[in-house]
Amino acid sequence: MKTVLIGAGNIATVLGHALYNAKHDIVQVYSHTMAAANLLAKKLNATPTNSLDTITNNADLYIIAVKDSVLDAVISKLCINRTDKLFVHTAGSVSIDVFCGRAKRYGVLYPMQTFSKTRIIDFQNIPVFIEADSNSTLQTIANVAQSVSNNVRQLSSADRRYLHLAAVWACNYTNFCYNMAAETLQKIGLSFDIMLPLIDETARKVHNLSPQEAQTGPAIRYDKNIIEAQMKLMNYDKSA
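Quick note, the sequence shown lines up with residues 1 to 240 if you use this note's numbering.
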């Protein structure tokens with residue numbers, strides 16, 4: 001199946017490598033910056049472009065992995081005069097309905113993981129959630145997803161919103177807390193790597209315990225004195 005990859009950011013890069021390694025024929029890579037398109041296209045043996053006007057019609061599948069804020073505009077332009085093509089987006093929080101009235105065959109392929117383009121990870125263990133306009137389209141998307149992941153599940157757009165929210169809690173907010181810890185350590189001249197054994201054990205525990213069972217520290221004990229002292233250290237404004 002000839003595939004066009006729309007995007008060259010974190011998700012597009014990692015997914016692109018996974019598809020390429022699974023022997024998918026990636027014919028073109030689009031990015032709004034030519035440098036990014038060139039960089040990824042070279043690694044995937046594809047043709048780069050920075051213009052949606054030059055996207056090839058000689059492809060079967062168009063995977064749209066761009067920022068949520070530009071997804072609607074990209075889909076609106078990309079689907080024109082390509083009614084026989086299959087379109088999927090990779091966003092966790094955007095409904096499949098974004099394709100309605102624009103494409104006849106469409107769906108979602110959402111890999112639930114944190115991606116950085118500088119870290120090419122094993123895609124096989126990443127849960128991938130799919131959705132489609134019809135059973136036949138769903139099967140095609142499933143075939144693509146199963147070629148790169150051993151954990152493929154069907155999930156509706158409504159439920160995927162909650163899945164994405166849970167992922168934000170488990171990953172993005174957690175990483176924000178890591179940054180807060182790093183800034184706190186910097187005040188006393190310690191590097192963040194002192195936290196890594198604690199972080200690793202915290203993550204390992206929830207493989208065997210529920211998050212509630214794994215919770216420790218002053219909050220679970222409701223040690224009010226410690227909590228208040230730490231809030232003062234953070235210059236916590238109780239009036240905020």
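Idealized CB from N, CA, C, for every residue including glycine.
Per-residue burial, residue i [other beta carbons within 10 Å of its own, 16 or more giving buried]
i	result
Gln281	Absent from the structure is residue 281, since the part of the chain shown begins at 1 and ends at 240.
Ser210	exposed
Gly189	exposed
His24	buried
Ser149	buried
Thr118	exposed
Thr83	exposed
Phe115	buried
Tyr236	With a pLDDT of 48 at Tyr236, under the threshold of 50, the predicted position of this residue should be treated as unreliable, and no value is reported.
Ala12	buried
Arg178	Contrary to the premise, residue 178 reads as Tyr rather than Arg in this sequence. Exposed: under 16 other Cβ atoms inside 10 Å.
Tyr30	buried
Ile126	buried
Gly217	exposed
Thr33	exposed
Own chain, CB closer than 7 Å to residue i, minus 5 neighbours either side, in chain order
i	result
Ile141	Val88, Gly107, Leu109, Ile130 and Ala132
Val94	Asp68 and Leu71
Asn38	Pro48
Residue i versus residue j: straight-line alpha-carbon distance, rounded
i	j	result
Tyr26	Leu15	Strictly speaking, residue 26 in this sequence is Ile, with Tyr absent from that position. Roughly 11 Å separates the two Cα atoms.
Met234	Ala181	11 Å
Ser239	Glu228	Unreliable positioning characterises Ser239 in this predicted model, as indicated by a pLDDT of 39, which lies under 50. A coordinate reading is not provided.
Ala103	Tyr20	25 Å
Leu40	Asn58	20 Å
Cys100	Glu183	46 Å
Glu213	Leu44	45 Å
Asp200	Asn135	41 Å
Lys187	Asn225	23 Å
Ser147	Thr202	32 Å
Neighbourhood of residue i by C-beta, 8 Å cutoff - its chain only, sequence neighbours within 5 removed
i	result
Leu78	Ile6, Leu52, Ile55, Tyr62, Ile64 and Phe87
Val74	Ile6, Leu52, Ile64 and Val66
As assigned by DSSP and simplified to three states, the class of residue i
i	result
Ser239	The pLDDT assigned to Ser239 is 39, lower than 50, so where the model puts this residue is not dependable, and the model offers no usable value.
Asp25	strand
Ile11	helix
Thr3	strand
Pro47	The displayed chain sequence assigns Thr, not Pro, to residue 47. Residue state, collapsed to three classes: strand.
Proximal residues to residue i (C-beta, below 6 Å), its chain only, five neighbours per side dropped
i	result
Val128	Pro111, Ala145, Ser149 and Val152
Lys2	Asp25, Val27, Ala59 and Asp60
Asn208	none
His17	Ile120
Residue i at chain D interface by Cβ criterion, 8 Å
i	result
Ser157	The chain inventory of the structure shown lacks chain D, comprising one protein chain alone.
**Asked** If you scan the stretch 66–113 from start to end, which runs of the alpha helix (DSSP H) of 4 or more residues do you find wholly inside it?
**Response** Counting only runs that start and end inside the stretch 66–113, the alpha helix (DSSP H) elements of at least 4 residues fall at 68–78.
**Prompt:** Which whole runs of the alpha helix (DSSP H) in the stretch 190–237 are 4 residues long or more, in chain order?
**Reply:** Those alpha helix (DSSP H) runs which fall completely within the stretch 190–237 and span 4+ residues are 196–205, 211–214, 218–221 and 224–233.
**Asked** Quick one: complete beta strand (DSSP E) runs, 3+ long, within the stretch 108–194?
**Response** Taking only runs of at least 3 residues, the beta strand (DSSP E) segments lying wholly in the stretch 108–194 are 127–132 and 151–154.
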